[in-house]
Amino acid sequence: MAIRGNAQIIVRDMKSMDILDIVSNRKRVNFWKAILERALENNEETFSFHTHTNGTSSQYFQKRNRLMILDQGNRYREFIIRNVKQNRREKQVYSVASFTEIKRAKPIMPGTYVGATLNSMLDVALAGTGWTRGRTEYAGTKEFVIEDVLTPLQLIRKIEDEFDRELDFYIETDDGNAITARKVDAVEKVEQWRGREISSGKDLIHAEYEETNADVVTALIGLGPKREDGSRIIVEELNESARQIWGTTGAHEWDVYEVQSDDTEITEGDVRKLTKQELEKRIAAKVQYTVEGADLEYILGRSHEKIRLGDQLWIKVTEFNPVLYLKARVIKERYPIDNPSQKTYVLGEYVKYSRETINDLKHFFQKQLINKSRIVYSESAPLDKGVIWIDTSNPDQDLWKLWDQDKGKWMTGPGGPQGPQGPEACRASKVKRVIWEFKANPVKMERVPILISPMPIALMDKLILV
Numbered sequence: 111m112a113i114r115g116n117a118q119i120i121v122r123d124m125k126s127m128d129i130l131d132i133v134s135n136r137k138r139v140n141f142w143k144a145i146l147e148r149a150l151e152n153n154e155e156t157f158s159f160h161t162h163t164n165g166t167s168s169q170y171f172q173k174r175n176r177l178m179i180l181d182q183g184n185r186y187r188e189f190i191i192r193n194v195k196q197n198r199r200e201k202q203v204y205s206v207a208s209f210t211e212i213k214r215a216k217p218i219m220p221g222t223y224v225g226a227t228l229n230s231m232l233d234v235a236l237a238g239t240g241w242t243r244g245r246t247e248y249a250g251t252k253e254f255v256i257e258d259v260l261t262p263l264q265l266i267r268k269i270e271d272e273f274d275r276e277l278d279f280y281i282e283t284d285d286g287n288a289i290t291a292r293k294v295d296a297v298e299k300v301e302q303w304r305g306r307e308i309s310s311g312k313d314l315i316h317a318e319y320e321e322t323n324a325d326v327v328t329a330l331i332g333l334g335p336k337r338e339d340g341s342r343i344i345v346e347e348l349n350e351s352a353r354q355i356w357g358t359t360g361a362h363e364w365d366v367y368e369v370q371s372d373d374t375e376i377t378e379g380d381v382r383k384l385t386k387q388e389l390e391k392r393i394a395a396k397v398q399y400t401v402e403g404a405d406l407e408y409i410l411g412r413s414h415e416k417i418r419l420g421d422q423l424w425i426k427v428t429e430f431n432p433v434l435y436l437k438a439r440v441i442k443e444r445y446p447i448d449n450p451s452q453k454t455y456v457l458g459e460y461v462k463y464s465r466e467t468i469n470d471l472k473h474f475f476q477k478q479l480i481n482k483s484r485i486v487y488s489e490s491a492p493l494d495k496g497v498i499w500i501d502t503s504n505p506d507q508d509l510w511k512l513w514d515q516d517k518g519k520w521m522t523g524p525g526g527p528q529g530p531q532g533p534e535a536c537r538a539s540k541v542k543r544v545i546w547e548f549k550a551n552p553v554k555m556e557r558v559p560i561l562i563s564p565m566p567i568a569l570m571d572k573l574i575l576v
């Protein structure tokens, strides 16, 4: 796929939604620095760009007019102009995702919904907003309690939390002209492994990390939800090791944590457990990794190397001391729509590996590959669940599968039916979940749980520099 130099901005009237103009750089440069920024947290989306002050389209970039652009998944995303700055030569336009307007719809009154489902509660939240639910995944039933008057957007956030789903707001059109629907998907956590690694000397342009300890605490007062009589469970959780590290005066650094739950019958043990989990999060200094990389998806013949918001990546930065080996999730992305090959990713939910750990993992993988590399080609499932099964029952597409002990069934391999590396990737994914003894330092042995994403053999070789 070539770089999309012909990216377009569709401008619509704020009231009638009629198309006022379609702006592109096909014949001349009409806009530049056209940056789309998206984040998983709160579905934050912004779009900004520069254009000519005296351009033919400049008159439309004002008030609360709407802007529509195509994202990398070929979905239309809609924005509302929020701020405009201009001088004699150029105009800067800043816009935010249009779904934020859902908060302006009629608020939802308190109430209890018995036997509520994800779909039924989304319908409650979206009624009268102009948005409808798109693809959803069943998340069970529950008693859903709305205690306070909420805006529809606040209710959607509550639904997202309580049903443990991630949201995506997008626009459907009639060939990009008339808007046919505004939809929101609510699906399980998207965390796809596409076999991608960003590394120094290949496609890594710049990497940096930011550390802050401003919010670090060493002790928490945990407050359970209020009962009907106004009482609540109160617990204390302290971490002595953290106090020795972070306690500036030798005393604990305190804060108060309120458990967010509608369960008024929650036990003291549950409150203590949740408070302890929160304390563990706050003990560590907050570290954010930002990586700028050339997206190889837009180089001819490398469309399989795409990266999307929510994906898992391996990062190798040899310029850091010590060398950084990181498995992380893309929690934020930023790129110019007319040149999406130049992306900036913010990484979170990461696992950091030392060189020693990586080397030990390599040796472990090598041993596993020797012991578990038998592949069976057949139309029916083999009795031996320790092999790689190439399912040939579909005449159009062979599917390689692995037996998933947790789910009790054969599962299609990662990265699609064959994945970028085919059965070779399957061999490595034999050890998807491993609890393994490894030498953490020259003095002692520790048992450490490690979650391994399916990792192609070629990628493991690239990760290791010994």
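Residues in the sequence shown are numbered consecutively from 111, following the numbering used here. Yeah, the Cβ is synthetic: ideal placement off N, Cα and C, and Gly gets one too.
From residue 181 to residue 341, what does the alpha carbon distance come to, in whole angstroms? 50 Å
Sort 251, 490, 169 by Cα distance to residue 225 and report the nearest one. 251
Residue 519: which of 491, 269, 366 sits nearest, CA to CA? 491
Buried versus exposed call for residue 366 [16 or more other C-beta atoms within 10 Å across all chains shown]: exposed
Per-residue burial, residue 364 [other beta carbons within 10 Å of its own, 16 or more giving buried]: exposed
With a CB to CB cut of under 7 Å and the five nearest residues on each side skipped, what residues in its chain are close to residue 185? 280
Per-residue burial, residue 334 [other beta carbons within 10 Å of its own, 16 or more giving buried]: buried
Nearest-angstrom Cβ-Cβ length linking residue 119 and residue 133, presumed shorter than 8 Å: 5 Å
Through-space distance from residue 513 to residue 537, alpha-carbon basis: Caution applies to residue 537, whose pLDDT of 40 falls short of 50 and renders its modelled position unreliable; the model cannot decide the point.
Just to confirm the assignment, what range does the beta strand (DSSP E) spanning residue 147 have? 141–149
Determine the direct distance from the alpha carbon of residue 292 to that of residue 457, and round the result to whole angstroms. 29 Å
Going by DSSP, name the residue or residues bridged to residue 122. 129, 176
Beta carbon of residue 204 nearer than 8 Å to that of residue 158: yes
Is the beta carbon of residue 347 less than 8 Å from the beta carbon of residue 391? no
How would you call residue 511, buried or exposed, if buried means at least 16 neighbouring beta carbons within 10 angstroms? buried
Would you identify the three-state DSSP class for residue 230, choosing helix, strand or coil? helix
Would you call the CB atoms of residue 297 and residue 275 closer than 8 Å? yes
Would you list the one or two residues that DSSP bridges to residue 251? 227
Neighbour-count burial assignment, residue 140, 16 or more Cβ in a 10 Å radius: buried
Sheet register partners of residue 291 (DSSP bridge): 282
So for residue 218, helix, strand or coil by DSSP? strand
Which same chain residues end up closer than 7 Å to residue 485 when comparing Cβ atoms and leaving out the 5 residues on each side of it in sequence? 497, 498, 500, 533
Where does residue 170 land, buried or exposed, given buried means 16+ other C-beta within 10 angstroms? buried
Bounding residues of the alpha helix (DSSP H) (the contiguous stretch that carries residue 379): 378–393
If contacts are defined as beta-carbon pairs under 8 Å, then residue 259 and residue 219 qualify, I think. What distance do you get, rounded to the angstrom? 6 Å
Classification of residue 287 by the beta-carbon crowding that lies within 10 angstroms, buried from 16 upward: exposed
Backbone CA spacing between residue 208 and residue 495 [nearest angstrom]: 49 Å
Comparing C-alpha positions only, which one of 237, 117, 433 sits nearest to residue 262? 237
Buried/exposed call for residue 587, threshold 16 Cβ in 10 Å: Residue 587 lies beyond the stretch modelled for the chain, which goes from 111 to 576, so this question has no answer here.
So, is residue 127 buried or exposed, given that buried needs 16 or more other C-beta atoms within 10 angstroms? exposed
On a Cα-Cα basis, can you pick out the residue from 191, 173, 223, 351 that is closest to residue 389? 351
If you count every other CB in all the chains shown that lies within 10 Å of the CB of residue 328, and 16 or more means buried, which is it? buried
What's the C-alpha gap between residue 212 and residue 257? 20 Å
DSSP puts residue 331 in a beta bridge; with which residues? 346, 366
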